[in-house]
Amino acid sequence: MLSASYVGRRLAQIVPTLLLAMVLVFVLAHLLPGDPAIALLGERATTEAVERTRQALGVDRPLIEQFGLYVQGLVTGDLGRSMILRVPVAELILQRLPVTVMLTLMAALLAAVIAVPFALIAALRRGSALDALIRGAFQLGVSMPVFYIGLVLLIVLAAGLGWFPVGGFGDTIPDHIYHLLLPALTLAMSLSAILMRNLRASLIEVLDAEYVTFATAKGLSRKLVLLRHVLRNAAISTVTLFGLHIGSLVGGAVITETVFAIPGLGRLMVDSIFSRDYQVVQGLTLVIAVLVSLVFLAVDIVLAMLDPRHST
Amino acid sequence: MKRMLACLTVALGLSLGGGWGTSAQALTRGGTFTFGAYADVIFFDPVYQQQTVDIWFSLNIYDTLLQPTADGKGLQPGLASACELSPDGLTMTLTLRPGMKFSDGSPILASDVKFTLDRGHSKEEGGNYYFLLAAVDSVDAVGDDKVVIHFKRPDPTFPQILASFYTAVVPEKQMKAAPGATLREKARAFSEHPIGSGPFILSSWTHGSSFVLTRNPYYWKQGEDGKALPYLDEVKVEIIPDDATRILKLKAGEVNGVEFVPFSRAVELKADPKINMVLFPAAKIVYIALNIRPTLKDGSKNPLADKRVRQALNYAVEKKAIAQIVTYGMGVPQVTLPPASTPLAMTDKGEPYPYDPAKAKALLKEAGFESGLDLSIYTLAGNADNAAELAAIQQMWGEIGVRLKILPLDSSTGIAKYRASDFQMRTAAFTNDYNDPSQIVSYMAYFPAYESNRSGFNDAELNGLFEKSQVETDPAKRAALYRRIQEIYIDAAPMVFLLDTPYPVALDKKTQGFVQLPLGNYLFSGVHMEP
Chain Z
1 MLSASYVGRR LAQIVPTLLL AMVLVFVLAH LLPGDPAIAL LGERATTEAV
51 ERTRQALGVD RPLIEQFGLY VQGLVTGDLG RSMILRVPVA ELILQRLPVT
101 VMLTLMAALL AAVIAVPFAL IAALRRGSAL DALIRGAFQL GVSMPVFYIG
151 LVLLIVLAAG LGWFPVGGFG DTIPDHIYHL LLPALTLAMS LSAILMRNLR
201 ASLIEVLDAE YVTFATAKGL SRKLVLLRHV LRNAAISTVT LFGLHIGSLV
251 GGAVITETVF AIPGLGRLMV DSIFSRDYQV VQGLTLVIAV LVSLVFLAVD
301 IVLAMLDPRH ST
Chain W
313 MKRMLACLTV ALGLSLGGGW GTSAQALTRG GTFTFGAYAD VIFFDPVYQQ
363 QTVDIWFSLN IYDTLLQPTA DGKGLQPGLA SACELSPDGL TMTLTLRPGM
413 KFSDGSPILA SDVKFTLDRG HSKEEGGNYY FLLAAVDSVD AVGDDKVVIH
463 FKRPDPTFPQ ILASFYTAVV PEKQMKAAPG ATLREKARAF SEHPIGSGPF
513 ILSSWTHGSS FVLTRNPYYW KQGEDGKALP YLDEVKVEII PDDATRILKL
563 KAGEVNGVEF VPFSRAVELK ADPKINMVLF PAAKIVYIAL NIRPTLKDGS
613 KNPLADKRVR QALNYAVEKK AIAQIVTYGM GVPQVTLPPA STPLAMTDKG
663 EPYPYDPAKA KALLKEAGFE SGLDLSIYTL AGNADNAAEL AAIQQMWGEI
713 GVRLKILPLD SSTGIAKYRA SDFQMRTAAF TNDYNDPSQI VSYMAYFPAY
763 ESNRSGFNDA ELNGLFEKSQ VETDPAKRAA LYRRIQEIYI DAAPMVFLLD
813 TPYPVALDKK TQGFVQLPLG NYLFSGVHME P
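These protein sequences, in sequence, are chains Z and W.
Under this note's numbering, residues 1 to 312 are what the first sequence spells out, in order.
Under this note's numbering, residues 313 to 843 are what the second sequence spells out, in order.
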């Protein structure tokens with residue numbers, strides 16, 4: 001059974017991960033060549049204006065001092081202010097977080113909805129022409145870059161057939177979902193291919209297992225055997241893989257959000273890196289690290305529920 | 313009016329231009345124009361604007377005392393209906409149009425103009441363009457409708473500055489009432505819901521996604537149909553960073569117009585019967601910046617210190633081919649230092665260095681580089697246009713014996729190296745921020761300001777001529793000074809002259825009256841949607 005102490009232990013493990021992420025991201029952001037004041041003012045700015053801006057931004061202080069201020073802020077829940085947009089980083093992230101979370105969840109859901117039935121069909125008909133067709137089609141999905149899938153979907157389904165809007169985010173919640181369908185599908189494509197292949201392989205392994213033959217011999221219905229014994233056991237490695245790849249969904253969102261003009265965290269990240277907006281890059285990385293850690297935690301909990309041996 | 317003319321013509325030697333032209337046919341009023349922009353505005357404030365995007369949209373919300381004409385070359389009255397300059401050029405009197413209001417219905421007073429100019433003028437409170445008002449000594453509000461500006465020295469560019477984004481009028485009381493400890497903080501809060509006197513009001517703004525401009529019922533200017541502008545009820549600006557997606561949105565009919573169409577796509581859109589592909593003349597040049605100091609930062613000897621080598625590099629580039637490669641034939645060879653749309657640009661002489669590889673070789677031989685030479689150039693990594701341009705130039709220069717090493721850098725590093733004069737050549741572009749040749753000349757040719765674009769070019773005669781031009785109020789004399797400045801600069805060739813490029817905007821067939829000024833500003837007040 002799932003114990004509270006297990007969840008507590010796993011939560012405690014997240015803390016050092018986040019600390020490490022915090023230090024790494026601070027160092028990496030400041031290793032980027034280029035000065036935010038110059039990125040902000042452009043090449044024609046006077047030396048005086050650049051100096052003034054460096055002081056105002058606090059980037060003229062020693063790195064250690066900047067890091068100290070950063071950690072001090074974090075402890076009090078303050079992620080700092082964007083150097084470029086001049087608003088609190090937390091506010092910026094909170095505005096965009098729901099968009100990316102919604103996109104990622106929809107993509108994850110779509111990936112699962114696509115992968116599971118096809119994996120079942122392919123596994124049950126293993127070696128048939130249908131199996132080969134499904135595997136071939138999914139292979140295509142995994143080998144195409146995300147931005148390319150996105151553009152093809154946009155050209156065919158949105159601009160061509162007019163079934164979907166060409167990018168944007170809409171104004172109401174149903175409108176958001178409608179706008180996010182294509183980008184979520186784009187993100188889901190490669191993930192569903194990975195999941196399908198993995199699940200198919202595990203299904204085949206489990207289908208050959210003695211306990212399945214035994215269950216069938218016991219006279220259990222085929223549906224019950226498939227759902228309770230086959231899918232549940234085969235799902236363990238797929239759920240692990242799924243969890244690992246949610247992180248890459250967030251990475252994929254960076255590209256997808258740009259192609260589909262969605263105002264989410266991914267686009268904020270791209271814009272902030274280009275403008276050397278250190279505070280926002282740091283804040284975003286931390287938030288994404290928290291999100292990914294939480295997903296991993298959720299995966300562990302699901303695994304523990306599927307197979308109690310995992311919680312020991 | 314006669315004296316007013318004098319005030320407006322000081323800067324330009326041009327007469328008052330016409331209005332912003334739209335055809336005289338019956339116009340449809342109302343409706344929404346949806347525009348796809350590549351990036352969002354950061355700060356909707358005339359003084360604290362942070363980037364070009366902020367400037368380009370701002371004239372729809374804020375109004376200026378004088379206004380540019382649609383071709384961008386001339387000036388016409390704006391919030392000020394009259395402008396008089398004293399004979400010594402040291403006092404300017406502006407008379408405000410009677411009965412004008414801000415978008416919240418409050419009157420526009422002379423004190424608001426004073427506040428606006430004082431704010432821009434102050435080094436502490438001003439933005440990065442405070443130097444534009446450097447000649448101003450003090451500003452007085454006389455009554456409610458007269459503003460008197462006293463100058464430390466005559467400034468022939470001043471009327472153009474009064475037509476630029478930087479001096480757009482803001483309401484003193486409302487801005488000061490905004491929350492914040494400093495004026496900059498107040499302006500930040502104010503700019504989320506700005507109050508101006510331009511044709512539109514910012515009615516909603518979702519940062520990073522879209523903003524909506526609605527009709528300002530108090531706008532003073534009249535349209536072609538004799539009724540108040542703007543024609544539209546609403547302009548919706550959607551932020552679509554990806555070039556391909558922006559164009560797809562236009563093709564799908566989800567937006568009415570898009571900016572920054574890549575030149576490679578403009579050809580295809582020109583052929584599309586449902587799309588109106590427009591190239592607005594831009595005050596923009598694309599060129600190669602040179603460092604002409606005898607020694608480079610790394611201590612090596614610099615062949616570019618020899619004028620003959622620089623001229624040879626210019627002769628060896630076939631600009632028309634570059635225009636084809638980079639802009640698909642939509643750019644034209646650069647003819648002088650300032651962009652061709654700039655007043656006083658010397659556009660009557662044609663290309664300064666027409667393609668002539670034989671002459672280029674002869675010049676190199678004369679300079680002692682008969683057996684060729686090695687040069688290096690910094691460029692922006694990942695920029696497809698720069699890569700194509702340099703691949704062609706590398707080959708063209710190869711024919712006269714120049715071995716060109718191309719070094720791609722990210723933008724921030726490139727700018728830092730440039731500021732330290734640590735380069736031999738670099739790909740570059742320049743756009744005017746206000747409509748006068750003084751900006752580009754002070755930046756690129758006048759050594760004391762920016763070491764002539766960090767090139768090290770330092771010509772005593774040119775420096776003197778420029779200083780004279782900055783206080784010369786006689787239009788004819790000023791024009792003559794600028795002509796000589798351009799001649800000197802062209803002969804010395806501290807740059808490789810390449811192209812003048814336009815702004816490519818794609819619109820659907822319904823959209824009429826769309827204007828983008830050479831400085832980049834979008835004017836939505838004249839847009840009307842025809843069924």
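For glycine and all other residues, C-beta sits at the position ideal for the given N, C-alpha and C.
It should be emphasised that the depicted structure is a prediction, and the values quoted were computed from it without experimental measurement.
Check                                                                                                                          : Outcome
Per-residue DSSP class, three states only, for Lys789 of chain W                                                               : helix
Contact belief for Thr346 of chain W with Asn626 of chain W at Cβ below 8 Å, rounded distance in angstroms                     : 44 Å between Cβ atoms; not a contact.
Selection from Z:Ala261, Z:Val230, Z:Leu286 that minimises the alpha carbon distance to Glu210 of chain Z                      : Z:Val230
Beta carbon proximity, Leu268 of chain Z to chain W, threshold 9 Å                                                             : yes
Within-9 Å CB hit, Thr518 of chain W to chain Z                                                                                : yes
Any chain Z beta carbon closer than 9 Å to Pro553 of chain W                                                                   : yes
Residues bridged to Ala741 of chain W (per DSSP)                                                                               : W:Val598
Length of the line joining the Cα atoms of Leu151 of chain Z and Ser683 of chain W                                             : 50 Å
Buried or exposed by the 16-neighbour rule on C-beta atoms within 10 Å, applied to Tyr148 of chain Z                           : exposed
Collapsed DSSP secondary structure at Arg620 of chain W in the structure displayed                                             : helix
Distance CB(Ala652 of chain W)-CB(Pro593 of chain W) smaller than 9 Å                                                          : yes
CA-to-CA distance, Phe296 of chain Z to Arg500 of chain W, given in whole angstroms                                            : 40 Å
Alpha-carbon to alpha-carbon, Glu799 of chain W and Ala788 of chain W                                                          : 17 Å
Residues bridged to Glu396 of chain W (per DSSP)                                                                               : W:Thr405
Residues in the stretch 711-743 of chain W having any Cβ partner in chain Z nearer than 8 Å                                    : Asp722, Ser723, Ser724, Thr725, Ile727, Ala728, Tyr730, Arg731
Contacting positions in the stretch 141-163 of chain Z - beta carbon closer than 8 Å to chain W                                : Leu151, Leu154, Ile155, Ala158, Ala159, Gly162
Buried or exposed by the 16-neighbour rule on C-beta atoms within 10 Å, applied to Thr213 of chain Z                           : exposed
Touching by the beta-carbon criterion (3+ pairs, under 8 Å), the stretch 593-610 of chain W and the stretch 778-785 of chain W : no
Any chain W beta carbon closer than 9 Å to Ile38 of chain Z                                                                    : yes
Residue range of the unbroken beta strand (DSSP E) whose run includes Lys385 of chain W                                        : Note, Lys385 of chain W: premise wrong, no beta strand (DSSP E); not H, not E.
Reduced DSSP category for Gly510 of chain W - H, G, I as helix; E, B as strand; rest coil                                      : coil
C-beta contact flag for Lys671 of chain W and Ala704 of chain W at 9 Å                                                         : no
Residue-level contact to chain Z via CB, Thr557 of chain W, 9 Å cutoff                                                         : yes
Residues near Phe118 of chain Z in its chain [Cβ-Cβ closer than 6 Å; skip 5 each side]                                         : Ile134, Met196
Three-pair Cβ contact test at 8 Å for the stretch 183-192 of chain Z versus the stretch 102-111 of chain Z                     : yes
Assigned secondary structure, Phe67 of chain Z (DSSP; H/G/I helix, E/B strand, else coil)                                      : helix
Classification of Val27 of chain Z by the beta-carbon crowding that lies within 10 angstroms, buried from 16 upward            : exposed
Short CB-CB distance (under 9 Å) between Ile194 of chain Z and chain W                                                         : no
Where Ile84 of chain Z meets chain B, residues with beta-carbon distance less than 8 Å                                         : No chain B is present in this structure, whose protein chains are Z and W.
At least 3 beta-carbon pairs within less than 8 Å: the stretch 733-745 of chain W vs the stretch 687-695 of chain W            : yes
DSSP state of Asn765 of chain W mapped onto helix, strand, coil                                                                : helix
The stretch 382-389 of chain W contacting the stretch 530-541 of chain W, beta-carbon criterion three pairs below 8 Å          : no
Whole-Å CB distance - Trp368 of chain W paired with Gly832 of chain W, under 8 Å assumed                                       : 5 Å
Minimum C-alpha distance to Lys426 of chain W - residue among W:Asp452, W:Met404, W:Thr405                                     : W:Asp452
Simplified DSSP state of Met305 of chain Z, which is helix, strand or coil                                                     : helix
Asn440 of chain W: contacting residues in chain Z (beta-carbon distance under 7 Å)                                             : Leu41, Ala45, Ala49
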